[in-house]
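There are 2 protein chains.
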Amino acid sequence: MHMLLSSFFFAEFPLYACAVTIQIRKFRENAMFTKIWHLLIGSPLPTQDAGHKRLSNWQALAAFSPDALSSIAYANQEIFLSLVVAGSAGLSYSTGIGASITLLLAIVALSYYQTIHAYPSGGGSYVVARENLGKLPGLVTGAALTMGYLLTAAVSLTAGVDAIASAFPVLWGHRVAVALAILVIITIANLRGLQEMSVTVGVPVYLFLGTYLLMLAYGLVRLMMEGAGSLAAVAPLPQTEVTLSLLMRTFAAGCTALTGIEAISNGVPTFRKPEMKNAGHTLAWMAVLMGLLFIGSIGLTQFLAVVPGEQETILSALARRILGSGFAYYVIQINTLLILSVAANTSFSGFPQLATILARDGYLPRQLTSLGDRLVYSNGILLLAAGTAVMIVLFQGDSHALIPLFAVGVFMAFTLSQTGMVLHWRREKGKGWQGKALINLAGAATTFVALIIIGVSKFLEGAWIVLVWVPLLVGMFQRIRAHYDEVAAELSMRGLPPSLRPMPAPRIVIPISGVHRALVGAVNYARSISQDITALYIEFEPGRGEEVRKKWAQWWPDIPLAIMPSPYRSLVGPLLDYLDKEDEARNDGQLATVILPEFIPTQWWQSLLHNQTALLLKFAILYHRRLHNLERVIIEVPFHLRR
Amino acid sequence: MHMLLSSFFFAEFPLYACAVTIQIRKFRENAMFTKIWHLLIGSPLPTQDAGHKRLSNWQALAAFSPDALSSIAYANQEIFLSLVVAGSAGLSYSTGIGASITLLLAIVALSYYQTIHAYPSGGGSYVVARENLGKLPGLVTGAALTMGYLLTAAVSLTAGVDAIASAFPVLWGHRVAVALAILVIITIANLRGLQEMSVTVGVPVYLFLGTYLLMLAYGLVRLMMEGAGSLAAVAPLPQTEVTLSLLMRTFAAGCTALTGIEAISNGVPTFRKPEMKNAGHTLAWMAVLMGLLFIGSIGLTQFLAVVPGEQETILSALARRILGSGFAYYVIQINTLLILSVAANTSFSGFPQLATILARDGYLPRQLTSLGDRLVYSNGILLLAAGTAVMIVLFQGDSHALIPLFAVGVFMAFTLSQTGMVLHWRREKGKGWQGKALINLAGAATTFVALIIIGVSKFLEGAWIVLVWVPLLVGMFQRIRAHYDEVAAELSMRGLPPSLRPMPAPRIVIPISGVHRALVGAVNYARSISQDITALYIEFEPGRGEEVRKKWAQWWPDIPLAIMPSPYRSLVGPLLDYLDKEDEARNDGQLATVILPEFIPTQWWQSLLHNQTALLLKFAILYHRRLHNLERVIIEVPFHLRR
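Those protein sequences? They're chains A and B, same order as listed.
Read in the numbering used here, the first sequence has 992 at position 244, and its numbers run on one by one without any break.
Read in the numbering used here, the second sequence has 1211 at position 463, and its numbers run on one by one without any break.
Listed below in structure tokens is the structure:
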């Protein structure tokens, strides 16, 4: 019995939603909307334009480096927060830890420099791990990278908002809202496409580099003239002693300075030819700039004895110390926000590419492989934007809370990818492969050690989430792939007999709700394709059936009308019962075709005034159990309202 | 060009929503869910059981009176809040104002007593106004009543929660949540049906009546023994003087005591036979009880010199004064909550009936006329529940803020309905019609004066909302009716030539995405109904078309394959362009039929992994502009995944 499929508003709601979407789609076809949309994301580009959108090294540095360069904004902050609990004694380790992280940076950069040359197609860590370590490690890397991209966007945005809120304290209470607003702007910009982005993006990147390097140089001059400050005089009282465990935790927290270093190796195909050489140079430049910014800022912070206020980041305090609270300070803070905002953009160029590769391998929905109007992977961009928004809201815009997840994800991908590279060289055995393998081995080993340190010391602070997330994601990947494999097998023409048995002429059933003009088209169509037609009336109130039969006979006396009583006022139940019964009785190797006269209103709100019976019946029939695995065909004959 | 109809996730979302609904529908067909649902709302009842569900007078009093009886809970409160600003001098007018409202109550009750006898079918104010004053006043009454029902539910629930929060202050901060929870319970109870409700409802109604009347009697005894208290000693200092305007405002606020008095006249058909006599008796009893409770409680409040605390209602303070803060007090407060909760039920029996009548007249969506599983108008119940929830949240559960809207809506309906009765008697001119007309004229005049007083004195406090709402609603009613009239005209068989021109055999177009097994059913079906078949491939990437053509020729060499390039990667645009072009070229008085092979997954999540192309194409075709007003038929040939 299907009595529950009665005409509740709420059960029909999604059907109305469908009707509304159609109207939205109509609206999107509308000229004015199209103009506004194209103003926002640019005119559509034909497929053959793909491939022309290559980046110069300057543009590429702007497009791929913001995450890497801007990571000092949170890495320095993490190091400070970790050491300050041990007071001035703790803070005096800042530069030492900074130096060891810079060393790690050099090793990892060298590792990725090799990846660029081995994988010019730019699959990045996922491709490297999958090809060299196998399917499962590849998927684990993919899951870790997914997490990394999401967190790059979330951490960059929240850290950027922290920077601007340090300068304008009135924003401190609205950090989530500000971060979300910037996210919306970035998403729209990305839907426009990468090349135009890098022009826009170049300005803040080079502004940031210029002003920051100048500031650091000026700070160095002042340091040399004024001499080092005394941390002991400004640092709060220590709550704990300096232990090895504290230093380890600090190192782990500071490792976030390395995030984003892999971006260039993922994006080799977007470089101008020769791609590998250009990408390699850009990576080298980026690594040097990263190192300079990181060790420079952390060193000055220590030797100028900088300690931030309550609602202020350590970088803001450094800038204030060097530049005072004047115009130059505000320029620096605004630049910090800008570069962190475009850092989120690293994810917006990286994630859609990763998602497309995973989708092509059948591990993510296929829609992710389709190019949008502007030759960008719009679905990936939108998916990332949604995920980032969720992270920002969930963690209340607190970058410090997001960092542990971030670092674990990134270093997991680093380690797997570098291990893959070692195997790659061993398998290829090209000229001087031992040297290359050794470099990547060093990369793999150091990032693995860092991963362990991060994982252990930050386990309770959020690293455990990765341990839940990665297997979940990998499971999802595999389930999706299994489904696509199954579909491919079922859709294969292989094994199908070459001569296909022709079908008999269809038997037709037309469910009717009364005798009205919308039926004329349906009956005429039925007559044009079959001799075997029955109309069916589902009778809710006893007696109504006979009235309908009389009227029916006036117009179509040659077509029999069946009447099914429905004491529980269900439409679907009696219809399906009738069809099943008839099919079993006739047993002619086919199921009856159902013709549904479909009523098409002209305005969206009119859909709310009708029962959407055709849609309801169609879905009920499609999802009904099938006799002998035969398929039941549905014919929809529309009847358009004139107004 | 339809390039915007590309495969964004978000544009497809409602299509996924459809797929999910289907799964929900499947789930609802599932035996276990059906059992749980039936446990909640009871087993379905067949249509012929309708009409047997009649109420005895005791049951009817319980079903229809809670709103009327319980209105003392907010009316007294409003009178107190209005007078207390003038201190003890103001409060000393309480009983006087109470007495004048009781007089108004008597007049209105007498008016409705006559309505019962004139309109035994129980249309209530809407039917009376429509039949006697005309269409537009009828609709205005309908809109005012809609508002009244919504506010009865919202005000009763919030006032009930106020009562219980007076006794248990811990709830004071959670009043919105508590009110919503009770609303959910009431909604479920109502979906079960009215008769079973009135058994459940009878208990709190008679408990309330019994305990309250006893309390008032005991209070009277104590008043006589102890003598009157001194208001001057307890009332706060006056902030204003007693003016005529203050007294008017107080009267206006207190008029909410009359709400619910019309409920019985709307529900005459649910009484046992003889309906009119039974309903009349019940109305008389109810009016007497209302008067007793109202004047008794307000008099005692004044003469016992009761003033409430900060987070307490005036009725709670009265009960505490008479009974102390012991067990009896808590019983009274819980009873107050219970009767106010079931008062909301007055709306749940009244509104669905009104909505059904309006829907039968074509002023509201037709779905509102369909009986649910339990022979109640489920859609009306759900609509009311949703509206009430919105009101409670919007007004933050504050009954005082809702009262002005409430009073205006109710008295507008009173006035229109009583005016209609005057015209009714004048037209009928039955025995002693002058006397009857005079009584209703008195009702109309007094309620009109009250309406003016309320409207003017409470205009800025919310009465203005009614002035916006009523015209909006009336406009909506008329627009809906115009649509149904138009549809009826377009669907009419009248004027159709008796011999209907037969249609030519259909031309068939099958859009394909490749050569796969799902096409076998589609092609076979096409062959069974037509000789004129073309397959159509939309080519996104140059060169793919030729590959598909080769494969196609292996399987169906006799069916031509057309290839349409789509440089902007749109599916819909090229398909529609092809169809339009072909139809114009052939010009044979029909549009080509489109056969869509539809892919049916077995699990809901699988829908997310496919593009839902069939659904997308179907909607695009249905809503595409049509050549020569011909209709394009769509045939869906399903292909069920095995797993």
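The C-beta atom is built at its ideal place from N, Cα and C for all residues, glycine as well.
Just grab the DSSP bridge partners of residue i for me.
i                 : result
Leu1309 (chain A) : A:Ala1283
Leu1344 (chain B) : B:Glu1384
Phe1019 (chain A) : A:Leu803
Val1257 (chain A) : A:Thr1282 and A:Val1342
Looking at chain A, is there any beta carbon in it that lies within less than 8 Å of the beta carbon of residue i?
i                 : result
Leu1389 (chain B) : yes
Gly1269 (chain B) : yes
Glu1287 (chain B) : no
Arg1374 (chain B) : yes
Taking Cβ-Cβ distances shorter than 7 Å, what residues in chain A pair up with residue i?
i                 : result
Gln1101 (chain B) : None at all; the shortest Cβ gap to chain A is about 17 Å.
Val1235 (chain B) : Leu1389
In chain B, which residues lie less than 8 Å from residue i when you measure between Cβ atoms?
i                 : result
Gln1354 (chain A) : His1231
Can you pull the chain A neighbours of residue i, defined as C-beta to C-beta under 8 Å?
i                : result
Glu737 (chain B) : The structure shown has nothing for residue 737 (chain B), since chain B only spans 749 to 1391.
Identify the contact partners of residue i in chain A, using a Cβ-Cβ distance below 9 Å as the criterion.
i                 : result
Leu1370 (chain B) : Ile770, Glu1346, Ile1348, Glu1384, Pro1386 and His1388
Pro1254 (chain B) : Tyr1273, Ser1276 and Ile1277
Using beta carbons (cut-off 8 Å, strictly below), is residue i in contact with chain B?
i                 : result
Ile1277 (chain A) : yes
Val1381 (chain A) : yes
Lys774 (chain A)  : For Lys774 (chain A), the predicted structure reports a pLDDT of 49, less than 50, and the residue's modelled location is therefore unreliable. A value from the coordinates is still provided. Answer yes: the Cβ-Cβ gap between Lys774 (chain A) and chain B drops below 8 Å somewhere.
If you count every other CB in all the chains shown that lies within 10 Å of the CB of residue i, and 16 or more means buried, which is it?
i                 : result
Asn1127 (chain A) : buried
Asn1377 (chain A) : exposed
Ala854 (chain A)  : exposed
Thr988 (chain A)  : exposed
Thr991 (chain A)  : exposed
Ser842 (chain B)  : buried
Lys1184 (chain A) : buried
His922 (chain B)  : exposed
Leu1220 (chain A) : exposed
Pro850 (chain A)  : The sequence given here has Thr at residue 850 (chain A), not Pro. Thr850 (chain A) comes out buried.
Ala1236 (chain A) : exposed
Point to revise | Any alpha helix (DSSP H) of 4 or more consecutive residues that is wholly inside the segment 857–887 of chain A | key: 872–881
Practice item. Within the segment 899–960 of chain A, note down every full alpha helix (DSSP H) run reaching 4 residues or more, in order along the chain. Key: 923–940
**Study point:** Segments assigned alpha helix (DSSP H), at least 4 residues, entirely inside the segment 1107–1176 of chain B
**Key:** 1126–1142 and 1147–1176
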